[in-house]
Amino acid sequence: MLKELRIRNFALIEQLNIEFSDGLNVLTGETGAGKSILLDSIGILCGKRASSEFIRRGEDRATVEGYFNIENDLRLLLNNLDLIEIEENEIFMSREISVSGANKCKINYKTAPLNVYQKIGSYLFDIHGQNQEQSIMSNDKQLELVDKFLKTTKKDNHSLEDVKIIYLEYKSLLNKRKELAFNEKEDMISYYEFAIKEIDDANLSEEEDLKLREDRTRILNGEKLMKKASSIYSQLNENGIVDRLNSVSFTLKEISSLDPSLDSLTAKFSDLYYEIDSLSNEFKNYYNNLDYDEDRINSIENRIAEVNKLKRKYGKSVLEIIEKRNEMEDKIKKFSNINQLKIDLENEISEKLALYNEKSGILTKLRNEAALQLISGIKNKLKELNIYENGFDINFALREDPGENGLDIVEFYFSPNIGEGIQPLKKIASGGEISRVMLALKGVLAEYDIIPSLIFDEIDSGVGGEALLKVAEALEKIGRKRQVICVSHSAIMGAFADRIIAVSKKEVDSRTFIEAISLDSEIDKIEELSRMLGGKDNFNASKVQSKEMILFALSKKKV
């Protein structure tokens, strides 16, 4: 349970410490006094979405802290989640919001990731806000409530999780079926076969592609190359360089016969002469063989055009074309096996669907068993709330197609009056009746789950008279097993409260502040109930009535 709530710079709250008691805690105050802001702070504390809009004007951060006592069962459950280690039966939760939008979350004074913080918070509170009665109207929410009851009464049950996993696997197989239906159709295979033949007929190679371009450059520049090569030959021969080198080589041979120490130098020079002479002849042969062959250049241009056409269609280079060709060949091979793949996939889908139906059938059976127990519990609670007890039922129908949560469609049926036909809850229930059905449901769940604190925001809205008294009694009874924090404008709710927390606004230096005071003395409690009864004009009479209400509530609490 929540022992203490500390709030700093949150909306209109500058600084506030509130101590809560066991049992039923009722937040009272005029409309607009700030009760909803207190509930917002508790929502932030347990991990609900936070934004910088919650920060009090002029401040750079807001902080909400909570101190909790928990039962040993809950401590063991939280430890089994392997998220944090809780050694004592106490938890400290802290949430800080900065103007930048950043959140700092702490559990037992240690920083925790938001997802871990939210998970722990979900086990500390069950918050029922205003207008949430409408959520119970949807079939999905009703199924969720049945599953929640199933989980709390059969703690070792994993059937829903099994169904979810199998459904996702089944869905994945259906997606594969779609891929096989749309990928590589026969007309694409025909195109691949044509493209492969076109590429193979071209007999491409990277070496040839490079040589074609070199040959074209050489032929198109033949005249220029011929002149340059001829010039080199002329400079080597017509100016007598080769002949003079030959003469020098002959002279060296003569003198080396007289001085053997020159033999090595003579040999090197002789090699130089023969190398230059050879180069000269090569240049001569090079320019003699250069000519402009129109047929050859046309052949080269045609071949380059053929290769370029394939590059535009299949890749930027010969290597990319060859890679594309091999990729298309692999797809043809894959398509050749497509029929067998389809057969295998259909068998796998059938097997997975059969497993899904089997697990869903088990889940349906468990849900029906849980629903019978839930119906019985809700009927008892409705009787306590002064509603026709046999006017509630849960009907099951089956979906046509598999779904993530199984094959069940759940519909809550309701009739508030004897003799009237039972119909879907969403068609006939009034706001006050829906509130009491929700309260009955919460009352049943509270008997089984281990969430220590339930929060109701004006659960008694739209309820009056004897029905309101029954709502107050029901909340007080839930409070015997769970801590209840309730916002109410009803004096009878305050009379049944184990603690009243009066919320009010005050103005100081043109700024608005929210105050919350625990009314522990009987005098303070009587005065607050008198205010709630509207006893300003006849305060003494209201005080008498308040005392009577408190005495009446005490007599009921003893039952």
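Per our numbering, the very first residue in the sequence shown carries number 2; after that it's consecutive.
The beta carbon of each residue, even a glycine, is placed where N, CA and C say it ideally should be.
Values in this document were obtained by computation on a predicted structure and should not be read as measured data.
Residue from the options whose Cα sits closest to the Cα of residue i
i	options	result
LEU253	LYS177, PHE150, THR267	THR267
ILE451	ALA113, ARG7, THR153	THR153
SER257	ASN104, ARG245, PHE270	PHE270
LEU446	THR32, ILE379, ILE92	ILE379
ILE8	ALA34, TYR68, TYR449, ASN26	TYR68
GLU72	ASP61, THR64, GLU89	GLU89
LYS557	ARG297, ILE350, ALA473	ALA473
GLY59	GLY44, ALA51, ALA12	ALA12
LYS482	TYR315, LYS443, ASP345	LYS443
MET439	GLY44, ILE460, ASN340, PRO425	ILE460
ASN327	ASP141, LYS366, LYS198, VAL65	LYS198
CYS106	VAL100, ASN116, SER95, SER99	SER95
PHE413	GLU385, ALA306, ASP260, GLN143	GLN143
ALA63	GLN16, SER37, PRO403	GLN16
ILE98	ILE137, SER318, SER42, SER436	SER42
LEU567	ASP264, ASN282, ASN247	Because the chain spans 2 through 560 in this model, residue 567 falls outside it and cannot be assessed.
VAL308	ARG297, ASP296, ILE322	ILE322
PHE397	ILE85, ILE410, SER416, ILE423	ILE410
PHE553	VAL100, THR513, GLY535, MET494	MET494
ASN282	ASN238, SER262, ARG245	ASN238
GLU31	ASN116, LYS149, ALA517, LYS317	ALA517
VAL504	ASP402, LYS478, ARG532	ARG532
ARG245	ALA441, ILE277, LYS177	ILE277
GLU390	ILE305, GLY420, ASP510	GLY420
GLU448	GLY463, LYS507, SER522, LEU151	LEU151
Paired residues, beta bridge with residue i - DSSP
i	result
LEU552	According to DSSP, which records beta bridges pairwise, LEU552 is partnered with nothing at all.
GLY67	LEU6, MET94
CYS487	VAL27, PHE457
TYR414	ASP394, PRO425
ARG500	ASN26
PHE270	The partner list for PHE270 (beta bridge, DSSP) is empty, contrary to what the question assumes.
LYS105	GLU97
PHE150	Answer is none; PHE150 lacks a bridge partner.
HIS129	PHE457
ASN18	ARG7
VAL509	ARG512
ALA517	VAL504
ASP409	LEU399
ARG62	SER99
Beta-carbon separation (whole angstroms), residue i vs residue j, contact threshold 8 Å
i	j	result
LEU40	ASP458	6 Å
ILE376	GLU434	The Cβ separation is near 17 Å, so there is no contact.
THR29	GLU549	Between GLU549 and THR29 the Cβ distance is about 18 Å, and since that is not below 8 Å, they are no contact.
TYR124	LEU46	The pair is not a contact, with the Cβ atoms about 13 Å apart (cut-off 8 Å).
TYR193	LYS335	With 8 Å as the limit, TYR193 and LYS335 do not qualify as a contact, their Cβ atoms being about 11 Å apart.
LEU455	ASP127	5 Å
LEU79	ILE121	6 Å
VAL164	GLY407	5 Å
GLU207	LEU320	6 Å
SER160	LEU346	Rounded, the Cβ-Cβ distance is 27 Å, inconsistent with contact.
ALA441	LYS382	4 Å
LEU386	LYS478	Actually they are not in contact, since the Cβ atoms of LEU386 and LYS478 sit about 11 Å apart, beyond 8 Å.
GLN484	LEU3	7 Å
Heavy atom of the ligand PLP within 6 Å of residue i beta-carbon
i	result
ASP127	The model depicted lacks the ligand PLP and carries no ligand whatsoever.
Buried versus exposed call for residue i [16 or more other C-beta atoms within 10 Å across all chains shown]
i	result
ASP275	Position check: residue 275 holds Tyr in this sequence, whereas Asp was assumed. TYR275 should be labelled exposed.
ASP201	exposed
GLY465	exposed
ILE393	First, the amino acid is wrong: residue 393 is Phe here, not Ile. Flag for PHE393 reads buried.
GLY48	buried
ALA475	buried
ASN26	buried
ASN541	exposed
LEU426	buried
ARG313	exposed
SER361	buried
LYS343	exposed
ASN299	exposed
ASN10	buried
ARG437	buried
LEU82	exposed
LYS36	buried
LYS179	exposed
ARG50	exposed
VAL100	exposed
PRO403	buried
Check whether the segment 10-30 and the segment 497-507 are in contact - that is, three or more C-beta pairs closer than 8 Å. Yes: at least three Cβ pairs fall under 8 Å.
I want to know whether the segment 172-179 touches the segment 369-384 - three or more CB-CB distances under 8 Å. Not touching, per the Cβ criterion.
Report yes or no: do three or more beta-carbon pairs, one from the segment 363-370 and one from the segment 422-431, lie closer than 8 Å? The segment 363-370 is not in contact with the segment 422-431.
Under 8 Å: do the segment 337-356 and the segment 203-214 share three or more Cβ pairs, one atom per stretch? Using a C-beta cut-off of 8 Å, the segment 337-356 makes no contact with the segment 203-214, since fewer than three inter-stretch Cβ pairs fall below that distance.
At least 3 beta-carbon pairs within less than 8 Å: the segment 475-489 vs the segment 100-111: Taking 8 Å as the limit for Cβ pairs, the verdict is that the segment 100-111 does not touch the segment 475-489.
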